[in-house]
Each structure stands twice: as C-alpha cells, then as structure tokens.
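Enquirer:
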Amino acid sequence: MHKFRLGLSHLYMGLFLLYLLLPLVVMSGAAFNDSKLPSIVPWKGWTTMWFSEMIADQRMMVAFRNTLLVAVAVAVLAIVVGTAAAILVNSISGRLRTALYGMMISTILIPGVVIGISTMIMWTKLGNAIGTDFILFKPGLHLSVLGQVSYIAAMVMLLVLARLQSFDAGLEEAALDLGASHAQVMRRILLPHLYPAIGAGAAVAFFQSIENFNVTQFTRGGADTLTVYVFSKVRSGITPTINALAFLLICITLVLAAVYEVNRRRRARAEAARLAQARRAEAEEGIGAA
Amino acid sequence: MQDMIRRYGPGLTLIICLLVAFWLVMLVIVPNITLLEQSFRPYLPVAEIGGPRDTYSLGNYMKVLDGTVEKSLLGISFTIPVHVYTFFLTIFYSILVTFICFLLAYPLAYYLAKIVSPKSLPTLLLMLFIPLWVSEVLRAFAWWIILAFKGPLNAMLLGIGLIDAPIRWTNMGYTGVVVGLIYTYVLFMLFPLYNAVQSLDTNQIEAAEDLGAPWWKIHWKIVLPHSKPGIASGSVMVFMLSAGSLLVPSILGSTTSQWFTQTIDQWFKDALDWNTASAYAFLLLILCTLFVTVALKLFRVRLSDIAK
Chain S
-16 MHKFRLGLSH
-6 LYMGLFLLYL
4 LLPLVVMSGA
14 AFNDSKLPSI
24 VPWKGWTTMW
34 FSEMIADQRM
44 MVAFRNTLLV
54 AVAVAVLAIV
64 VGTAAAILVN
74 SISGRLRTAL
84 YGMMISTILI
94 PGVVIGISTM
104 IMWTKLGNAI
114 GTDFILFKPG
124 LHLSVLGQVS
134 YIAAMVMLLV
144 LARLQSFDAG
154 LEEAALDLGA
164 SHAQVMRRIL
174 LPHLYPAIGA
184 GAAVAFFQSI
194 ENFNVTQFTR
204 GGADTLTVYV
214 FSKVRSGITP
224 TINALAFLLI
234 CITLVLAAVY
244 EVNRRRRARA
254 EAARLAQARR
264 AEAEEGIGAA
Chain A
15 MQDMIRRYGP
25 GLTLIICLLV
35 AFWLVMLVIV
45 PNITLLEQSF
55 RPYLPVAEIG
65 GPRDTYSLGN
75 YMKVLDGTVE
85 KSLLGISFTI
95 PVHVYTFFLT
105 IFYSILVTFI
115 CFLLAYPLAY
125 YLAKIVSPKS
135 LPTLLLMLFI
145 PLWVSEVLRA
155 FAWWIILAFK
165 GPLNAMLLGI
175 GLIDAPIRWT
185 NMGYTGVVVG
195 LIYTYVLFML
205 FPLYNAVQSL
215 DTNQIEAAED
225 LGAPWWKIHW
235 KIVLPHSKPG
245 IASGSVMVFM
255 LSAGSLLVPS
265 ILGSTTSQWF
275 TQTIDQWFKD
285 ALDWNTASAY
295 AFLLLILCTL
305 FVTVALKLFR
315 VRLSDIAK
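The listed protein sequences derive, respectively, from chains S and A.
According to our numbering, the residues represented by the first sequence are -16 to 273, in order.
According to our numbering, the residues represented by the second sequence are 15 to 322, in order.
#1: Out of S/228, S/183, S/156, which has the shortest C-alpha to C-alpha gap to residue 171 of chain S?
#2: Just the chain S side, please: which residues come within less than 8 Å of residue 38 of chain A by C-beta, in chain order?
#3: What is the DSSP secondary structure of residue 26 of chain S, reduced to helix, strand or coil?
#4: Using C-beta distances below 6 Å, list every residue in its chain close to residue 212 of chain A, excluding the 5 sequence neighbours before and after it, in chain order.
#5: What are the complete alpha helix (DSSP H) segments, minimum 4 residues, inside the stretch 17 to 91 of chain A?
#6: Secondary structure at residue 94 of chain A, three-state DSSP: helix, strand or coil?
#7: Rounded to whole angstroms, what is the Cα-Cα separation between residue 224 of chain S and residue 33 of chain S?
#8: For residue 21 of chain A, tell me which candidate among S/159, S/99, S/77, S/189 has the shortest Cα-Cα distance.
#9: Counting along the chain, where does the alpha helix (DSSP H) carrying residue 214 of chain S start and finish?
#10: Contact criterion: CB-CB distance below 8 Å. Does residue 182 of chain A meet it with respect to chain S?
#11: For residue 282 of chain A, report the span of its alpha helix (DSSP H) as first-last.
#12: By the DSSP assignment, the alpha helix (DSSP H) with residue 182 of chain A in it spans what residues?
#13: Output the boundary residues of the alpha helix (DSSP H) element that contains residue 33 of chain S.
#14: For residue 195 of chain S, name the three-state secondary structure that DSSP assigns.
#15: May I have a chain-ordered list of the alpha helix (DSSP H) segments no shorter than 4 residues that lie completely inside the stretch 232 to 293 of chain A?
#16: Could you check the C-alpha separation between residue 15 of chain S and residue 213 of chain S for me, to the nearest Å?
#17: Below 6 Å CB to CB, which residues in the same chain sit around residue 201 of chain A once its five sequence neighbours on both sides are set aside?
#18: Since residue 328 of chain S and residue 34 of chain A should fall inside the 8 Å C-beta cutoff, what is the C-beta to C-beta distance between them, to a whole number of angstroms?
#19: Taking Cβ-Cβ distances shorter than 7 Å, what residues in chain A pair up with residue 32 of chain S?
#20: Given residue 117 of chain S, which residues of its chain have a CB within under 8 Å of its CB, disregarding the five upstream and five downstream residues?
#21: Using 8 Å as the Cβ pair cut-off and three pairs as the minimum, do the stretch 263 to 270 of chain A and the stretch 184 to 202 of chain A touch?
#22: Would you say residue 108 of chain S and residue 48 of chain A are within 8 Å of each other, going by their C-beta atoms?
#23: Spatial neighbours of residue 36 of chain S within its chain, please: C-beta separation below 6 Å, excluding the five flanking residues on both sides.
#24: Would you give the residue range spanned by the alpha helix (DSSP H) that residue 133 of chain S belongs to?
#25: What are the boundary residues of the alpha helix (DSSP H) that residue 119 of chain S is part of?
#26: Tell me whether residue 80 of chain A is buried or exposed, calling it buried when 16 or more other Cβ atoms sit within 10 Å of its Cβ.
#27: Please check if any C-beta of chain A sits within less than 8 Å of the C-beta of residue 243 of chain S.
#28: Note down, in chain order, every chain S residue with its Cβ under 7 Å from the Cβ of residue 17 of chain A.
#29: Provide the residue span of the alpha helix (DSSP H) that contains residue 211 of chain A, from first to last.
#30: Can a CB atom of chain A be found closer than 8 Å to the CB of residue 210 of chain S?
#31: Alpha carbon to alpha carbon, how far is residue 117 of chain A from residue 306 of chain A? Give it in angstroms, no decimals.
#32: Under 8 Å, with one C-beta from each stretch per pair, do the stretch 293 to 311 of chain A and the stretch 221 to 229 of chain A reach the 3-pair mark?
#33: Rank A/181, A/151, A/156 by C-alpha distance to the C-alpha of residue 164 of chain A and give the top, closest one.
#34: Nearest CA to the CA of residue 180 of chain S: which residue from S/199, S/119, S/150, S/57?
#35: The alpha helix (DSSP H) spanning residue 16 of chain S covers which residue range?
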C-alpha cells in the first residue's frame, strides 16, 4: 500500500479512538471540577466533594441496587430461556425451525418502546381480567425484567446456538448407550460443553440489562434504575454527582478491560511457547529418525 | 423433535418446550396482540371500560392526522399534520445517522480487517469496545456536557478563533440529536462491517492491485460488494436503534426537535392515554418492519444473516 495512504489510515484510526474516548474523559473530568454545573470549563479547582455527595444520595444508591437486582434477574432468566431455545432450535429442522428461529431473532429488532408498552399493557390487563391485586400484575421492576428478557433471551440463544454447532452429538449417544440417564446426559455432557457460551450470554445479558432504558421507562412503575435516574437528573437539575458515578463506572470498565487484556496476552504467550516446543520436539524426532 | 425426546427424555423435552413457549407466547406474541387490540379502543374513564362506548375504531390512528402545521421545503410551503411531520423527520434523520455511521465506520472496518497488524488488533478492538460498556445514557450525557452553551466545545472553538460567539448546539433543530445518535450507535455499524470485510480473501485485493486497479476501484468493485451483508446488518441495527431511541432525543434534543418515540412517550406518560400510545407504538413497529424488509430485499440478505 502507498506510504501516504497507510499513514492516513493510521491517523484515522487514532482520530476515531480519540472521538470515542474523549467524551468519556470530559465526562469523568467534570466529576472533579468544583462547579455546580457538570462541565470542565471554566475549571474552578479540584474537589472530591461530588463523590461524597454521591454516596449520600439515597435515591441513587437505591437505584444502583435496583439496577443490579434487575440485571441479575434478567441474566438468570435469559440464560435459562435462551439455552432452552437454542437446544430446541438445534434439534428441529425444516419449516418449523425457520419459523421459530425467525420469530426469536425478530425480537431483537422490536423497538424497546413497543416492548415496554406491550408488556405493561398485557400484564396489567391480565391482572384486571383475573381481578387480582397480586404484585406480578402491577407496574414495577419485575415487568421490566420480563420485558427485557423478551429480547435479551434471543441474544443468549444466538451465542449458545453458535456453540452447539461444534458439539459432537455422538458423545450423547455414547453416554446413553453406556446407561446414562437423560438428566445425566444433559448435566454431564451437553451443559459443560455449552458453559463458555452460557457464561458469555450471562455477561451480555447483564450489561444489556444495565444499559436498558426504553423497556424500563415504560414498565417501572415508580421504581428507579440507574439509567432512569440519570435520565431524570439530566432533565431536571443535574449535579456533578452523576459525573462522579460515571467516572466510577468507567474505571470499573477499564479495570475489567485491562484484566481481560492481560489474560489474553498471557494466553497468547503460552500458546506461542507451546507451539514452539512442539516444533522443537518434531525437529528432534526428525533428527532421531534420520 | 423425536431426536430430542430420545436424547433428553420426555420430561426435559417438555421443560425445554415450555420455557420456549413461555418466552415466545407470554413475552412476545400475546403482549403484541394485546397492544394491537388495545390500539383500536377509545380512551375512556375506568367506569366506562367494557361499556357501550368501548367499541373498536380507528380513532387512535386518526389522531396522527390531528393538528396541522405549516412547513416549507425547498421553497414550497405546505401544511402537514404535526405527528406525521415528526414521523417523517424521525425516519429522515435516522437514515441520515445510518448513512454517516456507515461513512465513519467503513474506512475503519477496512483498516481493522486488512491493514492493521494482527498483533495489535485485539487491543484495538478492546479499546473500541470500552464505550459500548459505558451505558447509553452516560454516552448521551457526555455529549450534553460537550455541547453545552458554556461547554468545552464552544470554549475550544472560541479559543482557536473559529467562532466569535458561543453557539447553542442543542438548540439547532436536530443537530444535538444527530451528533448524539452517531456517537452512541456508530459501533453497531463498525462491528458487522468489520466481520464482513474480514471474510474477504486478501488475495483478491492484491490481485486487483497487481493488475493496476486504482484504490477506489478496488473498494467499489471488490470490497463494497463483498461486505453487503455487513452493510445490511449494520444499517438495520443503527436505523432501528436510532428510530427507536428515546434517551438520546430527550437528552440532546432542542425545543424544535421532536422524535416519534417522544410523541409516544407523551401519550403514555403525560396524557396517560395508553390506547393512543399503543396505536403510535404499533405505527413505529410497522415502520421498522418495513425498513428491515426493504433493506434485506435491497441487499439480498436474509434475516438470519443479520443476527451474526
């Protein structure tokens, strides 16, 4: 490739990263500015006041707890439903498979606003029809969980389905022939093979749930999650406590990313060393044979 | 199905089927049918629900046509119902966002797939992923800070003398919304594109180079056609997310920028008229379905390819 164009492409990459990361830096920086409004200009001096105010903010702490609870519930439900769906889709074929698969995928494309309103209306109407005051049929975070699961389960399904492609069904046959029970086949053979995908699915579900705004906004009743709380704050009298929160969340993200990167490099080095050793052994064998 | 029963037994198979049925029936099909049914009912006081006035009608959908405003485009002035206007502007700006995202992401996807050294690729991808993990509301909020009247962008532009007076970025129609949507969703274009470009055999590019093709022709004739599935899935993702976004337009919108989801939100939360909100939500659903269908037809891709 032409030298000039190569340089240009590196420059573009750098600028793009800057474009992605600079807003996050600005947002984090505002957490330390001693100014009532969240901004980095004009700089009025360093302060950590916003962090202590954040911890004192009861509503935010409740919202934080709610977010975690919802995310865990969504992750658990989504991996159970998503894994079941992947197993089902994997073991059927023909028209039925196409129809089921298409319907599952399409849930990802339904706008969150539609999911939120439809979930809310259905459960409250169902409650009215049965004539019960049971908590399940009232607006609240449990409806947010159900609404979020309706499309996050599809993401888990896709991850697990991809993993199922590399599964050797012969292993199950062998286990059955050797007298394993159905439950044992599931627990000892199939699920262990799927664990990496299920783990990835749980992580995706967890983060998707934390991100979610649309579904939660329409189903939450009076309860807050972090996203909803931050949103309401931005609209009505914002303070840099939000920036303090953002700074902490970004730090957690960075730490996780760094841990992941270090692990990846270690694995890559180990892999390279193993390959080199194998090659040496092969070469020695070659000499021995000669 | 027979195969499943043989492997996992009738009990487990039943549980699996029930779980999937719960998902698709209780969380997807019935809610959407309820939404559709509800959208044809009038908004009545609780006492009158189920009474003689509670009949099906297109009344809620007709509300889209209420309240016209005078607008002019390219010198031609016309009157248009305000919600229809919002609807079309939402589509227009979502397409604009999708297009700009494509322009931004394509060179980068090519760079990541074909130019960068394989050793630094995982690190770069990880760095690109970081903003995705920071939640959407915070990403929109970051731009709220940057675009503020007394914010860093104005300060910087004033500092280098590009402008003489600070600009009200978030009060210039849809500027703030478009800027925010691009920042929030550009990565949803980048990753499908990257996957598509990556699957192209580098030999094809080299062959074209050896035969003397100019760089733009290589992209136009080889790389772009090959990455069609990626373009389709990226575009569908970005368009759906943009048109369906409520957060970004609410945070970065101006007094003159109304997004269709905001209209739905107002019917639902402010007017407490869930039925009209349902009708509007259903319109949004139809719009999105139409867009996906057209995009898939145009690029000759199947729905199952999008999900990859």
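Heads up, the beta-carbon is just placed ideally off N, CA and C, and yes, glycines get one too.
Expert: Once the coordinates are examined:
#1: Within the first sequence, numbered from 1, the residue matching residue 171 of chain S stands at position 188. The candidate whose alpha carbon is nearest that of residue 171 of chain S is S/156.
#2: Residue numbering aside, residue 38 of chain A sits at position 24 when the second sequence is read from its first letter. What residue 38 of chain A touches in chain S: 83, 86, 87.
#3: What you label residue 26 of chain S is simply residue 43 of the first sequence in a count that begins at 1. Residue state, collapsed to three classes: coil.
#4: As a first step, residue 212 of chain A is located in the second sequence; it is residue number 198 there, counting from the start. Same-chain partners within the cutoff: 127.
#5: 44 to 53, 73 to 76
#6: As a first step, residue 94 of chain A must be located in the second sequence, where it is residue number 80. In this structure, residue 94 of chain A counts as strand in the three-state DSSP scheme.
#7: Position 241 of the first sequence, counted from the first residue, corresponds to residue 224 of chain S. Position 50 of the first sequence, counted from the first residue, corresponds to residue 33 of chain S. Using only the alpha carbons, I get a separation of about 5 Å.
#8: Along the second sequence, read from residue 1 onward, the residue named residue 21 of chain A stands at position 7. The residue with the shortest Cα to Cα distance from residue 21 of chain A is S/159.
#9: Here residue 214 of chain S corresponds to residue number 231 of the first sequence, with the count starting at 1. Unbroken alpha helix (DSSP H) run through residue 214 of chain S: 209 to 218.
#10: Walking along the second sequence from the start, residue 182 of chain A turns up at place 168. With a threshold of 8 Å between beta carbons, residue 182 of chain A makes no contact with chain S.
#11: The residue labelled residue 282 of chain A in the question sits at position 268 within the second sequence. Careful: residue 282 of chain A lies outside any alpha helix (DSSP H) and carries neither H nor E.
#12: Taking the second sequence and counting its residues from 1, one reaches residue 182 of chain A at position 168. Where residue 182 of chain A is concerned, there is no enclosing alpha helix (DSSP H), given that its DSSP letter is neither H nor E.
#13: Within the first sequence, the letter at position 50 stands for residue 33 of chain S. Unbroken alpha helix (DSSP H) run through residue 33 of chain S: 32 to 39.
#14: Residue 195 of chain S sits at position 212 when you count from the first residue of the first sequence. In the structure shown, residue 195 of chain S sits in coil (DSSP, three-state: anything other than H, G, I, E or B).
#15: 242 to 257, 261 to 266, 274 to 279
#16: Along the first sequence, read from residue 1 onward, the residue named residue 15 of chain S stands at position 32. Along the first sequence, read from residue 1 onward, the residue named residue 213 of chain S stands at position 230. Rounded to the nearest angstrom, the two C-alpha atoms are 18 Å apart.
#17: Locating residue 201 of chain A in the second sequence gives position 187, counting from the first residue. Excluding sequence neighbours, residue 201 of chain A sits near 146.
#18: Not covered by the structure: residue 328 of chain S. The range shown for chain S is -16 to 273.
#19: Within the first sequence, numbered from 1, the residue matching residue 32 of chain S stands at position 49. The contacting residues do not exist; residue 32 of chain S stays about 18 Å from chain A at best.
#20: Counting from one through the first sequence, the residue named residue 117 of chain S turns up at place 134. 110.
#21: yes
#22: Within the first sequence, residue 108 of chain S is the residue found at index 125, counting from 1. Within the second sequence, residue 48 of chain A is the residue found at index 34, counting from 1. Taking 8 Å as the Cβ cut-off, residue 108 of chain S and residue 48 of chain A qualify as a contacting pair.
#23: Within the first sequence, numbered from 1, the residue matching residue 36 of chain S stands at position 53. The residues are 224.
#24: Residue mapping note: residue 133 of chain S aligns to position 150 of the first sequence, counting from 1. First-last of the alpha helix (DSSP H) with residue 133 of chain S: 124 to 147.
#25: By one-based count along the first sequence, residue 119 of chain S stands at place 136. No alpha helix (DSSP H) holds residue 119 of chain S; DSSP gives it neither H nor E.
#26: Stepping through the second sequence from its first residue, residue 80 of chain A is reached at position 66. Around the beta carbon of residue 80 of chain A, fewer than 16 other beta carbons sit within 10 angstroms, so the residue counts as exposed.
#27: As a position in the first sequence, residue 243 of chain S is number 260, starting the count at 1. Yes, residue 243 of chain S lies at the interface with chain A (some Cβ there is under 8 Å from its Cβ).
#28: Locating residue 17 of chain A in the second sequence gives position 3, counting from the first residue. One finds 74 in chain S with Cβ atoms closer than 7 Å to the Cβ of residue 17 of chain A, taken in chain order.
#29: The residue given as residue 211 of chain A occupies position 197 in the second sequence. 189 to 212 is the span of the alpha helix (DSSP H), which, as asked, contains residue 211 of chain A.
#30: By one-based count along the first sequence, residue 210 of chain S stands at place 227. Cβ-Cβ to chain A under 8 Å: yes for residue 210 of chain S.
#31: Start at 1 with the first residue of the second sequence, and residue 306 of chain A comes out as number 292. Start at 1 with the first residue of the second sequence, and residue 117 of chain A comes out as number 103. Taking the straight line from one Cα to the other gives about 20 Å.
#32: no
#33: On the second sequence, residue 164 of chain A is found 150 positions in, with the first residue counted as 1. Nearest to residue 164 of chain A by C-alpha distance, out of A/181, A/151, A/156, is A/181.
#34: Taking the first sequence and counting its residues from 1, one reaches residue 180 of chain S at position 197. Of S/199, S/119, S/150, S/57, the residue nearest in Cα terms is S/150.
#35: To locate residue 16 of chain S, count along the first sequence from 1; it is residue 33. First-last for residue 16 of chain S: undefined, no H or E at that position.
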